[in-house]
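There are 2 protein chains.
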Amino acid sequence: MAASDLILDPKLVAESVALGELELSNLRLFDDARFPWLILVPRRPGLVEIHDLAARERALLIEEIAAATTALQAATRCDKVNVAALGNQVRQLHVHVIARFKDDAAWPNPVWGRGARVPYEEVERRSLVKKLRAGFDFA
Amino acid sequence: MAASDLILDPKLVAESVALGELELSNLRLFDDARFPWLILVPRRPGLVEIHDLAARERALLIEEIAAATTALQAATRCDKVNVAALGNQVRQLHVHVIARFKDDAAWPNPVWGRGARVPYEEVERRSLVKKLRAGFDFA
């Protein structure tokens, strides 16, 4: 499925920026300067749960999760990475991969529901995007 | 690695019961009657992040996540399944697979940090364990 055919949930589009296309997923940066936060959106229509992917695609997804984890660690030197596919608010299958620090605004709790998103300053976002993109082989 | 060689974090042990051994992971039921909640703990020492597993084991892990999702759906007829590897409080790699309902105590928010755990009544837990175990091929 071509990148241009992916129909993204409008909330995902509004709150994140595209970083590039991996073999399976559209890779996005969630626009919240409090937490370096990637989102993977597999480019298949109608996905809700992980088992809606074919087995081969599931194997690709976990490789892309591992790559996103490594890229976040390299770009941020974080203390931990949180990985989650929730989908209670946006039903389209998407995976959060979030860099966590022992002094961040939510530690040791999860990041969801911790007050309002703080969009990046343009220069700050550009610098992080450059560092993160260096960690991926884009298709 | 044999099941008997897995050293589990004491907090994981205290808050969950073993359901059986999958090919990679020790499968556990988190003891909170508010949310039907499985935990997968890969039987490898020293794991923190998903990329600490070998590629073959990562593929197994996502298959076990998919199987846990299917088993929870069959046993509970839930509205959504939440999958997460966080590790902020228990560093040993473990994956939460949680059945969610539109009328549960946390919906549409994640389940973590929503008040105190409510342990199952023995008869209630036994009934759920039986239904859940039917969804797995144990090693």
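Residue numbers (the working numbering), protein chains in the order written: chain A, 1 to 139; chain B, 140 to 278. The beta-carbon is built from N, C-alpha and C at its ideal position, and this holds for glycine as well. Please read these numbers as outputs of a predicted model, since none were measured by experiment.
1) Would you report the Cα separation of A/Val-111 and A/Val-123, rounded to the nearest angstrom?
2) Check the Cβ of B/Val-222 against every Cβ in chain A and list those closer than 7 Å, keeping chain order.
3) Can you confirm whether B/Asn-227, when its beta carbon is compared against all beta carbons of chain A, has any partner nearer than 8 Å?
4) Return the CA-CA distance between A/Leu-24 and B/Glu-260, expressed in angstroms with no decimal places.
5) Can you tell me which of the three DSSP states B/Pro-181 falls into?
6) Using Cβ-Cβ distances below 7 Å, what residues of the segment 96–113 of chain A are close to chain B?
7) Where B/Arg-256 and B/Phe-169 are concerned, what is the direct C-alpha to C-alpha distance, given to the nearest angstrom?
8) Which value, in whole angstroms, describes the spacing of the CA atoms of B/Ile-146 and B/Val-229?
9) Let's test the definition: count the other Cβ atoms within 10 Å of the Cβ of B/Lys-269 and tell me whether it reaches 16, buried, or not, exposed.
10) Taking B/Ala-255 as the query, report the chain A residues whose CB atoms sit under 9 Å from its CB, ordered along the chain.
11) Mind listing the chain A neighbours of B/Glu-202? Cutoff is C-beta to C-beta under 8 Å, in chain order.
12) Is A/Trp-107 near A/Arg-114, with beta carbons less than 8 Å apart?
13) With hydrogens ignored, establish whether the beta-carbon of B/Ile-204 is closer than 7 Å to any heavy atom of the ligand COA.
14) State yes or no: is the beta carbon of B/Thr-209 nearer than 8 Å to at least one beta carbon in chain A?
15) Just the Cα atoms here: how many angstroms apart are B/Leu-179 and B/Ile-204?
16) Does DSSP put B/Leu-271 in a helix, a strand or coil?
17) For chain B, find out if any of its Cβ atoms is closer than 8 Å to the Cβ of A/Lys-80; answer yes or no.
18) Across which residues does DSSP place B/Glu-160 in a beta bridge pair?
19) Would you call the CB atoms of A/Ile-98 and B/Ile-201 closer than 8 Å?
20) If I measure Cβ to Cβ from B/Gly-274 and keep anything under 6 Å in the same chain, skipping five residues before and after, which residues do I get?
21) So what does A/Val-95 bridge to, in DSSP terms?
22) How is the beta strand (DSSP E) around B/Lys-150 delimited, first residue to last?
23) Does B/Ala-214 come within less than 8 Å of chain A when only Cβ atoms are used?
24) A/Ala-66 versus chain B: which residues are under 7 Å apart at the beta carbon?
A quick look at the data gives this:
1) Residue 111 of chain A sits at position 111 when you count from the first residue of the first sequence. Residue 123 of chain A sits at position 123 when you count from the first residue of the first sequence. Distance between the alpha carbons of A/Val-111 and A/Val-123: 24 Å.
2) On the second sequence, residue 222 of chain B is found 83 positions in, with the first residue counted as 1. Neighbours of B/Val-222 on chain A, chain order: Ile-50, Ala-84, Ala-85.
3) Locating residue 227 of chain B in the second sequence gives position 88, where the first residue counts as 1. It does: the Cβ of B/Asn-227 has a partner Cβ on chain A nearer than 8 Å.
4) Start at 1 with the first residue of the first sequence, and residue 24 of chain A comes out as number 24. Start at 1 with the first residue of the second sequence, and residue 260 of chain B comes out as number 121. Computed Cα separation, rounded: 43 Å.
5) The sequence position of residue 181 of chain B within the second sequence is 42, counting from 1. Three-state result, B/Pro-181: strand.
6) Arg-100, Trp-107, Pro-108, Asn-109, Pro-110, Trp-112, Gly-113
7) Numbered from 1 along the second sequence, position 117 holds the residue referred to as residue 256 of chain B. Numbered from 1 along the second sequence, position 30 holds the residue referred to as residue 169 of chain B. Whole-angstrom Cα-Cα distance: 9 Å.
8) As a working mapping, residue 146 of chain B is identified with position 7 in the second sequence. As a working mapping, residue 229 of chain B is identified with position 90 in the second sequence. In a straight line, the C-alpha of B/Ile-146 is about 13 Å away from that of B/Val-229.
9) Looking up residue 269 of chain B in the second sequence gives position 130. It is exposed - the Cβ of B/Lys-269 has fewer than 16 other Cβ atoms within 10 Å.
10) Locating residue 255 of chain B in the second sequence gives position 116, counting from the first residue. Going along chain A, no residue has its Cβ under 9 Å from B/Ala-255, so there is no contact; the nearest lies around 15 Å.
11) Locating residue 202 of chain B in the second sequence gives position 63, where the first residue counts as 1. Simply Ala-55, Arg-58.
12) Numbered from its first residue, the first sequence carries residue 107 of chain A at position 107. Numbered from its first residue, the first sequence carries residue 114 of chain A at position 114. In this structure, A/Arg-114 does not lie closer than 8 Å to A/Trp-107 by Cβ.
13) The model on display carries no ligand, and the ligand COA is accordingly not part of it.
14) The residue given as residue 209 of chain B occupies position 70 in the second sequence. By this cut-off, B/Thr-209 is an interface position.
15) One-based indexing of the second sequence puts residue 179 of chain B at position 40. One-based indexing of the second sequence puts residue 204 of chain B at position 65. Answer to the nearest angstrom: the Cα atoms are 8 Å apart.
16) As a first step, residue 271 of chain B must be located in the second sequence, where it is residue number 132. DSSP places B/Leu-271 in helix when its eight states are reduced to three.
17) For the purposes of this step, residue 80 of chain A is taken as the residue at position 80 of the first sequence. Yes, contact with chain B.
18) For this step, residue 160 of chain B is matched to residue 21 along the second sequence. B/Asn-165, per the DSSP bridge assignment.
19) One-based indexing of the first sequence puts residue 98 of chain A at position 98. One-based indexing of the second sequence puts residue 201 of chain B at position 62. Contact: no.
20) To locate residue 274 of chain B, count along the second sequence from 1; it is residue 135. Ala-210, Ala-213.
21) For the purposes of this step, residue 95 of chain A is taken as residue 95 along the first sequence, with counting starting at 1. Per DSSP, A/Leu-40.
22) Position 11 of the second sequence, counted from the first residue, corresponds to residue 150 of chain B. First-last for B/Lys-150: 149–154, but that is the alpha helix (DSSP H), not the beta strand (DSSP E).
23) The residue labelled residue 214 of chain B in the question sits at position 75 within the second sequence. No - not a single Cβ of chain A is within 8 Å of the one on B/Ala-214.
24) Position 66 of the first sequence holds residue 66 of chain A. Near A/Ala-66 (Cβ distances below 7 Å), the residues of chain B are Ile-189, His-190, Arg-197.
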